[in-house]
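Chemist: Take this structure, written in structure tokens, and hold onto it; I'll ask about it next.
In full-length UniProt numbering, the protein residues as written are 1 to 504.
See below:
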């Protein structure tokens, strides 16, 4: 649910944390009230209260209890009795229509509570009254309190999936991967544009995503991690990775086809190498090509500008549809990068800074580190194809990761150039969390398999890192405890790695 909350607060909800009762605010109703910690986290980041207050969760006297409570600023509904949130939201939406107000109502439902008949009564009424100011989001993770939803009361019955059920009630239905920010964002925009019907966004999610031993495991519903294990889980959550295939490694005469292959193959980003023939010897494409490619997919565009005078062109690349734009330190000074940085942040585009193999971070980069989203460490010489990874980059990347952390950097380091399935684990160990794949991904016939290979190699590198973290924190006993949490194939892999590393 974290991505759902994040997208709502970051790009869609109208709210004022300094005036929580603002009459024209959008309303967010958490019908699945047991997920209150997720809502509280969103409210804290949005500024309704200090983030440190999260530490008081479920403590006596705290405003943050096991279910949402109106004592907490920003909470609209005391969720707890499942199944009634949609009815409550419908009432707010109808009142807004009657009063001629423009605010919208968003409701997050659980698939377990969708067993309740009241949900479907509200569904009928909402469609009848054409409440197009109401958007419901179903967190479809297939798990409820003590079992799997399909074992209790199947929502995806043969011949009629849950989306078909909502369509039959007269709702506009949009189905997305609930962990893809861009898909959620597009669905919410589509809901806002829909007239004459409420919208149901079915967000298919994995419960516990990001923590391997908790993923898709009903036994962790409502269970807190052992305090001894919690710091390792935090490391695991903080080490998620992104794969960014570079389309110039494919057919340059059919970049549209390469974008489609990358998107369909499961890329997290699509890496766009822009070369102007001056900063580097080669020339690829410019902002007009990016504008042409943008409608093909919602997958974020990771635009890497290898050009002279990037400040003169930054607006063109932002307006063309880039989601992240990285410029080279070699092409900037402090003043130029400051202007680029401020423009991109003001326009909600990710800010990146790149360095070539022979370049260190300039001293002026330190002051921007806390608000830079990405640092690209080039491991090949830009503009030359078919190069292998420059091995000295490993030491450089480790050093830069430590240096950036010391300056308050909270973004990601992206490894770019010669990254393969064989060396990606070492790049991860260096501190990289985003990885550009050229010929090793886009140069392959089956991009999906190539990306899967990258992910499996990264998963092993992460498991190894976490095992060593457990050993540092609690010796072999904690390693054994951590490994024992993993079941099935994952458990076998973790145990094998622990043995290989001499930790068991």
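Note that CB positions come from ideal geometry on N, CA and C, so glycine has one too. Predicted, not measured: the structure shown is a model, and the values here were computed from it.
1. Tell me which residues share the same chain as residue 501 and place their Cβ nearer than 8 Å to its Cβ, disregarding the 5 neighbours each side in the sequence.
2. Could you check if residue 98 is buried or exposed, using at least 16 other CB atoms within 10 Å of its CB as the buried criterion?
3. Rounded to whole angstroms, what is the Cα-Cα separation between residue 83 and residue 475?
4. So what's residue 372 in DSSP terms, helix, strand or just coil?
5. Can you tell me whether residue 420 is helix, strand or coil according to DSSP?
6. Thinking C-alpha only, which one of 208, 3, 452 and 68 is nearest residue 437?
7. Determine the contact status of residue 111 and residue 4, defining contact as a CB-CB distance below 9 Å.
8. Should residue 347 be labelled buried (16 or more other beta-carbon atoms within 10 Å of its own) or exposed?
9. Can you name the start and end residues of the alpha helix (DSSP H) that residue 318 belongs to?
10. Please state if the CB of residue 202 and the CB of residue 190 are separated by a distance shorter than 9 Å.
11. Under a Cβ-count criterion, where at least 16 other Cβ atoms within 10 Å of its own Cβ denotes burial, should residue 172 be classed as buried or exposed?
12. Our contact map puts residue 425 next to residue 483 with C-beta atoms below 8 Å; I'd like the distance itself, whole angstroms only.
13. If we count the other Cβ atoms within 10 Å of its Cβ and call it buried at 16 or more, is residue 342 buried or exposed?
14. Between the stretch 31 to 46 and the stretch 55 to 67, do three or more beta carbon pairs fall short of 8 Å?
15. Do residue 326 and residue 353 have their C-beta atoms within less than 9 Å of each other?
16. Here's the rule: buried if 16 or more other CB atoms are within 10 angstroms of the residue's CB, otherwise exposed. What is residue 416?
17. Compute the beta-carbon to beta-carbon distance between residue 109 and residue 137, rounded to the nearest angstrom, for a pair I have assumed lies under 8 Å.
18. Can you give me the C-alpha to C-alpha distance between residue 272 and residue 323, rounded to a whole angstrom?
19. Extract the residue ranges of the alpha helix (DSSP H) inside the stretch 433 to 483, only unbroken runs of 4 or more that lie entirely within it.
20. Could you pull out every unbroken beta strand (DSSP E) segment of at least 3 residues lying fully inside the stretch 167 to 250, listed in chain order?
21. Any heavy atom of the ligand ADP closer than 8 Å to the beta-carbon of residue 136?
22. Quick check: what's the CA-CA separation for residue 491 versus residue 184?
23. Please name the residue or residues paired with residue 296 in a DSSP beta bridge.
24. Verify whether the separation of the beta carbon atoms of residue 119 and residue 79 is less than 9 Å.
Modeler: So, to answer that:
1. The residue you call residue 501 lines up with position 501 of the chain shown. Within the same chain, Cβ atoms closer than 8 Å to the Cβ of residue 501 are found at 464, 467 and 468, the five residues on either side in sequence being excluded.
2. Looking up residue 98 in the chain shown gives position 98. Counting of Cβ neighbours within 10 angstroms places residue 98 among the exposed residues, the total staying below 16.
3. As a position in the chain shown, residue 83 is number 83, starting the count at 1. As a position in the chain shown, residue 475 is number 475, starting the count at 1. Each residue's Cα considered, the two are about 46 Å apart.
4. Residue numbering aside, residue 372 sits at position 372 when the chain shown is read from its first letter. Three-state result, residue 372: coil.
5. Mapped onto the chain shown, residue 420 falls at position 420. Under the three-state reduction of DSSP, residue 420 is assigned to coil, being neither helix nor strand.
6. The sequence position of residue 437 within the chain shown is 437, counting from 1. Considering only alpha carbons, the answer is 452.
7. Residue numbering aside, residue 111 sits at position 111 when the chain shown is read from its first letter. Residue numbering aside, residue 4 sits at position 4 when the chain shown is read from its first letter. Taking 9 Å as the cut-off, the beta carbon of residue 111 is found no closer than this to the beta carbon of residue 4.
8. For the purposes of this step, residue 347 is identified with residue 347 of the chain shown, where counting begins at 1. Counting Cβ neighbours within 10 Å, residue 347 comes out exposed, since fewer than 16 surround it.
9. Stepping through the chain shown from its first residue, residue 318 is reached at position 318. Start and end: 314 to 319.
10. In the chain shown, counting from the first residue as 1, residue 190 sits at position 190. In the chain shown, counting from the first residue as 1, residue 202 sits at position 202. A distance of 9 Å or more separates the beta carbons of residue 190 and residue 202.
11. Translated into positions along the chain shown, residue 172 becomes position 172. When all chains shown are included, residue 172 counts as buried.
12. For the purposes of this step, residue 425 is taken as the residue at position 425 of the chain shown. For the purposes of this step, residue 483 is taken as the residue at position 483 of the chain shown. That pair is no contact at about 19 Å.
13. Counted from its first residue, the chain shown places residue 342 at position 342. So residue 342 ends up on the exposed side.
14. With contact defined as three or more Cβ pairs closer than 8 Å, the stretch 31 to 46 and the stretch 55 to 67 are in contact.
15. Taking the chain shown and counting its residues from 1, the one referred to as residue 326 is at position 326. Taking the chain shown and counting its residues from 1, the one referred to as residue 353 is at position 353. Less than 9 Å divides the Cβ of residue 326 from the Cβ of residue 353.
16. The sequence position of residue 416 within the chain shown is 416, counting from 1. Buried: at least 16 other Cβ atoms inside 10 Å.
17. Counted from its first residue, the chain shown places residue 109 at position 109. Counted from its first residue, the chain shown places residue 137 at position 137. About 7 Å separates the beta carbons of residue 109 and residue 137, which is inside the 8 Å limit, making them a contact pair.
18. The residue labelled residue 272 in the question sits at position 272 within the chain shown. The residue labelled residue 323 in the question sits at position 323 within the chain shown. Their backbone Cα atoms lie some 11 Å apart in a straight line.
19. If one requires a minimum length of 4 residues, no alpha helix (DSSP H) run lies completely within the stretch 433 to 483.
20. Given a length threshold of 3 residues, each whole run of the beta strand (DSSP E) inside the stretch 167 to 250 is given here in chain order: 172 to 177, 199 to 204 and 242 to 245.
21. Only the bare structure without any ligand can be found here, which leaves the ligand ADP out of the picture.
22. As a first step, residue 491 is located in the chain shown; it is residue number 491 there, counting from the start. As a first step, residue 184 is located in the chain shown; it is residue number 184 there, counting from the start. Rounded to whole angstroms, residue 491 to residue 184 spans 32 Å at the Cα level.
23. One-based indexing of the chain shown puts residue 296 at position 296. For residue 296, which the question treats as bridged, DSSP gives no partner whatsoever.
24. Working through the chain shown from its first residue, we reach residue 119 at position 119. Working through the chain shown from its first residue, we reach residue 79 at position 79. Pairing residue 119 with residue 79 gives a Cβ-Cβ distance that is not under 9 Å.
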